[in-house]
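> This is the structure I have questions about; it appears just below.
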Amino acid sequence: MEELAFSDDVVLSIAFVDAAEMTSLNRQYRGKDAPTNVLSFSQREGPPMAGGSSQILGDVAICTSVAEQQAKELGYTHEEMLSYLLIHGIVHLAGHTHDEPGDRDLMEAVVNNIFGKLYPPAGFAPTEKDV
Numbered sequence: 007m008e009e010l011a012f013s014d015d016v017v018l019s020i021a022f023v024d025a026a027e028m029t030s031l032n033r034q035y036r037g038k039d040a041p042t043n044v045l046s047f048s049q050r051e052g053p054p055m056a057g058g059s060s061q062i063l064g065d066v067a068i069c070t071s072v073a074e075q076q077a078k079e080l081g082y083t084h085e086e087m088l089s090y091l092l093i094h095g096i097v098h099l100a101g102h103t104h105d106e107p108g109d110r111d112l113m114e115a116v117v118n119n120i121f122g123k124l125y126p127p128a129g130f131a132p133t134e135k136d137v
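For the sequence shown, position 4 matches number 10 in the working numbering, and the numbering has no gaps at all.
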């Protein structure tokens, strides 16, 4: 959070969900009928909620089974993959996207920079193509 210049009092919700719940979320919010690894839901878009806190950043949902599968495929521990996906989700909440190639490269650099500070490089880091 510090690397992305969020204040100490910002509020973030993190949910670890199973494949069925992630499929439901992915279908409802992205129109895709399959689980994905991580979804981010910003609470800073649109008009503020009445009585809401401006310090509420948003929600990150991570599918643990998809993360576990990707960790095995990429040679990471489950903890490393969960950390990478959480960072990825938070970077989305900071306003980064990976819809366009230039955006993808920038977001990947930001995520990998933060991930590398937690887990110093021992080879490679996942890329946007992997997640």
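Positions of the beta carbon are idealized from the N, C-alpha and C atoms, including for glycine.
Would you list the one or two residues that DSSP bridges to Leu-112?
Here residue 112 refers to the residue found at position 106 of the sequence shown. DSSP lists no partner for Leu-112.
> Taking only three categories from DSSP, how would you classify Ala-21?
Translated into positions along the sequence shown, residue 21 becomes position 15. Looking at Ala-21 - three-state DSSP - the assignment turns out to be strand.
> Check each candidate in Leu-18, Ala-11, Thr-83 and name the one with the smallest Cα separation from Leu-63.
If you number the sequence shown from 1, residue 63 lands on position 57. Out of Leu-18, Ala-11, Thr-83, Leu-18 has the C-alpha closest to the C-alpha of Leu-63.
> Which residue marks the beginning of the beta strand (DSSP E) containing Leu-45, and which one marks its end?
The residue you call residue 45 lines up with position 39 of the sequence shown. Unbroken beta strand (DSSP E) run through Leu-45: 44 to 48.
> For the pair the segment 17 to 36 and the segment 68 to 84, tell me if three or more CB-CB distances fall below 8 Å.
As far as the Cβ criterion goes, the segment 17 to 36 touches the segment 68 to 84, which means the pair count is three or higher.
> Note the first and the last residue of the continuous beta strand (DSSP E) segment covering Gly-64.
Position 58 of the sequence shown holds residue 64. Segment 62 to 69, the beta strand (DSSP E) holding Gly-64.
> Just the Cα atoms here: how many angstroms apart are Asn-32 and Ala-115?
Here residue 32 corresponds to residue number 26 of the sequence shown, with the count starting at 1. Here residue 115 corresponds to residue number 109 of the sequence shown, with the count starting at 1. Spanning the two alpha carbons is a distance of roughly 25 Å.
> Throw me the rounded Cβ distance for the Met-87 and His-102 pair, which I believe falls under 8 Å.
By one-based count along the sequence shown, residue 87 stands at place 81. By one-based count along the sequence shown, residue 102 stands at place 96. Actually they do not touch by this definition, with Cβ atoms about 19 Å apart.
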